[in-house]
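Here the structure comes first, spelled out in structure tokens, and everything after it is commentary.
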Amino acid sequence: MGRYAVKRLIQGVITVWFIATATFFAMHAVPGDPLSGDKALTEKIRANLEAKYGLDQPLMTQYAIYLGNIAQGDFGISFTQENREVNDIIREHFPVSATLGILAIVFAGLGGVLWGALTAIYRNRLPDTIIMFLVILGISVPSFVIAALGQLSLVNINEWTGVSILPVGGWGTVWHMIVPSMVLGLGTMAYLTRLMRSSMLEIINSDFVRTAKSKGVPPTQIFTRHQLRNAILPVITVLGPSIATITTGGFVVEIIFAIPGLGRYFVQAVQQLDYTVIMGTTVFYGAFLVFMVILVDLIYGLIDPRVRLE
Amino acid sequence: MAEPILSVNDLAVEFDTYGGTVQAVRGVSFDVQPGETLAIVGESGCGKSVTVQSIMGLTPMPPGRITSGNALLNGVDILGRKTINGEDIRGDKIGMIFQDPMTSLNPTMNIGSQIAETLIVHRGYSKKQAFARAVELLDMSKIPEAEKRAKQYPFEFSGGMLQRAMIAMAIACEPEILIADEPTTALDVTIQAQILDLLNDLQRENGMSIILITHDLGVVARMAQEVLVMYAGQVVERGSVDDIFYRPGHPYNLGLHAAMPTNDPEAESRLTPIDGSPPDLFHPPAGCGYCARCPYSMQVCIDTPPPTYTLSEGHEAACWLHHESNTQVVPEIHHAGEAVND
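Chains as they are written, first to last, in this note's numbering: chain A, 1 to 310; chain B, 311 to 652.
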């Protein structure tokens, strides 16, 4: 297990290097540069930046300097926000995005497993039909529509009751987190529900569940020890990639709910060709996702004894 | 004969499907004697498994439905019940093992815990106690290094080993009856012999009865005292192992013998199959289920189901050939009152 983890981490570092390289060259292939924006920069900033990043030097030299810097954990200073280090931006805003994302994943995972198991048990009966209809909606409606609708209904509910039950936007307390994380997790939850349902249906009719029945094990125990634990395996497999889906979805949800997360800075930076912020956030997000996927794989090995992590 | 431990009377089971209602079991009766082995033989789809699974309460309902009959365990009807006098039936009074040991165990739970689970549920053992007992049971089932093996998972076991573990699980609570639903079909011949020996040994030690479902007549000869031959959801013949092998009373039984390979090098090399296929149980025939394939069938066979005739003590066959006014002579068929010569 330890050796496997180290191996995966090394692979992860290579993946992150690849992400960094691809982003670097893709960005430089885009016409224009951060210094030629519509906001004229002062000569002082321009000179400082050119000195530090060598923007006037050949591309390969720039690349080498850039790799050297990120290897030391230095993502540089923003081109468009004076004297703001990318590291500061990440440190300040990433915890917000991470909280939102983790809440969304927990919501999606728990909800998916629960609804999936429920629909399988009530197969072809009313609860199954209703939930599966909602699941199709959840999968096909994009998160920005759900976010806008969620916000709108929140406004209406608050107006109708006369008290602000849940805040409509912003960030700070637990109450601020509930609606955005649910909106963000909804699509993934719908997807996981479908997955869980089909895997549960397979398990319900499996031989070992019949064996458990023949042993006289009570139904609740059959459900938790024999059915759920085996049915959950495919869900865990896709949980890693789901984190990526949720993170990218987070950019939109953050903007709609006015959440000061990293996603907003990322979108802004892309629009302004703010090289250092784009690079910093991309590499950081990339590393984060790679790490999460590795984590999920390790967890999978703990749950399924057939997966030997060596 | 002693009081039977399990007495099944006129059991009938149906299944609702999209294509209609299948009458899988149509009035099956049999007794299981204490400490003896009853073999149920018959081809695929004849209702062997459904019969025992209904007794165990393992048939899914719906779509399954028990339409008549009862199953008396020590005189108490257990059909549709989970407990008698506060004691659990499944796993406690009756243990069961299945055809495919590879898929019959939970892949994410270690073997020892799966055996221990039965003891925790029925005997109220603590986890530790139950696991220690599970190791003993594995040892009784002749699994080497039981202590180490108990901590392993099903994927680390071979098929034969898994079937041993299944047996250990089924006998954990010392059941009065062990139902073995084709326990050796998925195993190769040497392992098969070992598993059958193990079942015999355990039966001798525990004095439990065994209901053995199989379509291997070799297994029947080796294991059983009593044999039930089923066809199209009904019992066509029942008798001692000698009756079934040496004094067949039903043409279907005769057909099975003719279809069996022999070791005799002088014999013809081709087997004689039973022509045709079993009847459609969506619309079971009015008369005898076997008449369409039977070389001796008569008009009465098509119109009226045959009654069960007693040929000798404990030997019964459901066939019109035994009717007193039948004039057709089938030399291979044993009739009532004929001299018994073994």
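Glycine is no exception: its CB is placed at the ideal position from the N, C-alpha and C atoms.
Quick caveat: nothing in here was measured; it's all calculated off a predicted structure.
> Does the pairing of the region 293-300 of chain A with the region 330-345 of chain B give three or more beta-carbon distances under 8 Å?
Replying inline: no
> So, does the CB of His-432/B fall closer than 8 Å to a CB anywhere in chain A?
Replying inline: Residue mapping note: residue 432/B aligns to position 122 of the second sequence, counting from 1. Chain A, which has a Cβ nearer than 8 Å to the Cβ of His-432/B, makes this yes.
> When the Cα atoms are used, what is the spatial distance from Leu-415/B to Leu-447/B?
Replying inline: In the second sequence, counting from the first residue as 1, residue 415/B sits at position 105. In the second sequence, counting from the first residue as 1, residue 447/B sits at position 137. Cα to Cα, Leu-415/B sits roughly 16 Å from Leu-447/B.
> For Ile-89/A versus Ser-78/A, is the C-beta distance shorter than 8 Å?
Replying inline: Counting from one through the first sequence, the residue named residue 89/A turns up at place 89. Counting from one through the first sequence, the residue named residue 78/A turns up at place 78. Going by C-beta atoms, Ile-89/A is nearer than 8 Å to Ser-78/A.
> Is Val-323/B buried or exposed, if buried means 16 or more other CB atoms sit within 10 Å of its CB?
Replying inline: By one-based count along the second sequence, residue 323/B stands at place 13. Burial is judged here by how many other beta carbons sit within 10 angstroms of a residue's own beta carbon; Val-323/B has at least 16 and is buried.
> Is it the case that the Cβ atoms of Ser-519/B and Glu-346/B are separated by a distance below 8 Å?
Replying inline: Position 209 of the second sequence, counting from 1, holds the residue named residue 519/B. Position 36 of the second sequence, counting from 1, holds the residue named residue 346/B. In this structure, Ser-519/B places its C-beta atom within 8 Å of the C-beta atom of Glu-346/B.
>> Does any residue of chain B have a CB that is nearer than 8 Å to the CB of Val-277/A?
In response: Counting from 1 along the first sequence, the entry for residue 277/A is found at position 277. By this cut-off, Val-277/A is not an interface position.
> Shorter than 8 Å from the beta carbon of Phe-465/B to some beta carbon of chain A?
Replying inline: Numbered from 1 along the second sequence, position 155 holds the residue referred to as residue 465/B. It does; some Cβ of chain A falls within 8 Å.
> If you scan the region 91-172 of chain A from start to end, which runs of the beta strand (DSSP E) of 3 or more residues do you find wholly inside it?
Replying inline: none
>> Can you tell me whether Asp-320/B is buried or exposed? The criterion is at least 16 other CB atoms within 10 Å of its CB, across all chains shown.
In response: Your numbering for residue 320/B matches position 10 in the second sequence. With fewer than 16 Cβ atoms within 10 Å of its Cβ, Asp-320/B is classed as exposed.
>> Residues in the same chain with beta-carbon distance under 7 Å from Thr-418/B, minus the five sequence neighbours each way, listed in chain order, please.
In response: Here residue 418/B corresponds to residue number 108 of the second sequence, with the count starting at 1. There are no such residues.
> Measuring CA to CA, which of Pro-588/B, Ala-475/B, Gly-390/B, Arg-514/B is closest to Asp-410/B?
Replying inline: The residue you call residue 410/B lines up with position 100 of the second sequence. It is Ala-475/B whose Cα lies nearest to the Cα of Asp-410/B.
> Which residue from Gly-240/A, Phe-257/A, Gly-280/A, Asp-274/A puts its Cα closest to that of Ile-102/A?
Replying inline: Numbered from its first residue, the first sequence carries residue 102/A at position 102. Comparing Cα-Cα distances from Ile-102/A to each of Gly-240/A, Phe-257/A, Gly-280/A, Asp-274/A, the minimum goes to Gly-240/A.
>> At the level of alpha carbons, what is the spacing between Asp-652/B and Pro-617/B?
In response: By one-based count along the second sequence, residue 652/B stands at place 342. By one-based count along the second sequence, residue 617/B stands at place 307. With a pLDDT of only 48 at Asp-652/B, under the threshold of 50, the placement of this residue in the model should not be trusted; the figure read from the coordinates follows. One C-alpha to the other measures close to 27 Å.
>> For Gly-352/B and His-645/B, what's the separation of their Cα atoms in angstroms?
In response: Here the question's residue 352/B lines up with position 42 in the second sequence. Here the question's residue 645/B lines up with position 335 in the second sequence. Between Gly-352/B and His-645/B, the C-alpha separation is close to 22 Å.
> Hey, out of Val-277/A, Ile-299/A, Ser-164/A, whose CA is closest to Ala-20/A's CA?
Replying inline: As a first step, residue 20/A must be located in the first sequence, where it is residue number 20. The candidate whose alpha carbon is nearest that of Ala-20/A is Val-277/A.
> What whole-angstrom Cβ distance do Ala-482/B and Leu-429/B have, given they're in contact under 8 Å?
Replying inline: The count along the second sequence starts at 1 and reaches residue 482/B at position 172. The count along the second sequence starts at 1 and reaches residue 429/B at position 119. Yes, Ala-482/B and Leu-429/B are in contact; Cβ-Cβ is about 5 Å, under 8 Å.
> Taking buried to mean at least 16 other C-beta atoms within 10 Å of its own C-beta, is Gln-473/B buried or exposed?
Replying inline: The residue you call residue 473/B lines up with position 163 of the second sequence. Taking every protein chain shown into account, the CB of Gln-473/B has 16 or more other CB atoms within 10 angstroms, so this residue is buried.
>> Quick check: the Cα distance between Thr-413/B and Ser-153/A, rounded to an integer number of angstroms?
In response: As a first step, residue 413/B is located in the second sequence; it is residue number 103 there, counting from the start. As a first step, residue 153/A is located in the first sequence; it is residue number 153 there, counting from the start. Looking at the two C-alpha atoms, the distance is approximately 49 Å.
>> Contact criterion: CB-CB distance below 8 Å. Does Asp-652/B meet it with respect to chain A?
In response: Taking the first residue of the second sequence as 1, we reach residue 652/B at position 342. Reliability fails at Asp-652/B, whose pLDDT of 48 lies under 50, so the model's placement of it is uncertain and no value is given.
>> Does any residue of chain A have a CB that is nearer than 8 Å to the CB of Ser-414/B?
In response: As a position in the second sequence, residue 414/B is number 104, starting the count at 1. Closer than 8 Å to some Cβ of chain A, the Cβ of Ser-414/B qualifies, so yes.
> Residues in its own chain within less than 6 Å of Leu-382/B by CB, not counting five upstream and five downstream?
Replying inline: Taking the second sequence and counting its residues from 1, one reaches residue 382/B at position 72. If you ignore the 5 residues before and after Leu-382/B, its C-beta comes within less than 6 Å of the C-beta of Ser-317, all in its own chain and listed in chain order.
>> For a test of the three-state rule: what should DSSP assign to Asn-319/B, helix, strand or coil?
In response: Translated into the one-based positions of the second sequence, residue 319/B becomes position 9. Three-state result, Asn-319/B: strand.
> Rounded to a whole number of angstroms, what is the C-alpha to C-alpha distance between Ala-26/A and Phe-288/A?
Replying inline: Sequence index remark: in the first sequence, residue 26/A carries index 26 (1-based). Sequence index remark: in the first sequence, residue 288/A carries index 288 (1-based). Whole-angstrom Cα-Cα distance: 21 Å.
> Anyone know if the C-beta pair for Gln-363/B and Asn-420/B falls short of 8 Å?
Replying inline: For the purposes of this step, residue 363/B is taken as the residue at position 53 of the second sequence. For the purposes of this step, residue 420/B is taken as the residue at position 110 of the second sequence. No, Cβ-Cβ distance for Gln-363/B and Asn-420/B is not below 8 Å.
>> Using a Cβ-Cβ cutoff of less than 8 Å, which residues in the same chain neighbour Ile-236/A once the five nearest sequence positions on both sides are dropped?
In response: As a working mapping, residue 236/A is identified with position 236 in the first sequence. The residues are Val-296, Ile-299, Tyr-300, Ile-303.
> At a Cβ threshold of 8 Å, is Val-311/A touching chain B?
Replying inline: With chain A represented from 1 up to 310, any question about residue 311/A goes unanswered, as that position is not in the structure.
> By the criterion of Cβ-Cβ separation under 8 Å, what are the contact partners of Arg-197/A in chain B?
Replying inline: Locating residue 197/A in the first sequence gives position 197, where the first residue counts as 1. Within 8 Å Cβ-Cβ: nothing; Arg-197/A doesn't reach chain B, min ~18 Å.
>> Could you pull the DSSP bridge partners for Glu-466/B from this structure?
In response: For this step, residue 466/B is matched to residue 156 along the second sequence. Note: Glu-466/B is not bridge-paired with any residue in the DSSP secondary-structure output.
>> Just checking: is the beta-carbon of Arg-474/B within a distance shorter than 8 Å of some beta-carbon in chain A?
In response: Working through the second sequence from its first residue, we reach residue 474/B at position 164. The Cβ of Arg-474/B sits no closer than 8 Å to any Cβ of chain A.
> Is the Cβ-Cβ distance between Leu-581/B and Phe-340/B less than 8 Å?
Replying inline: Translated into positions along the second sequence, residue 581/B becomes position 271. Translated into positions along the second sequence, residue 340/B becomes position 30. Cβ distance not < 8 Å, so Leu-581/B and Phe-340/B don't count as in contact.
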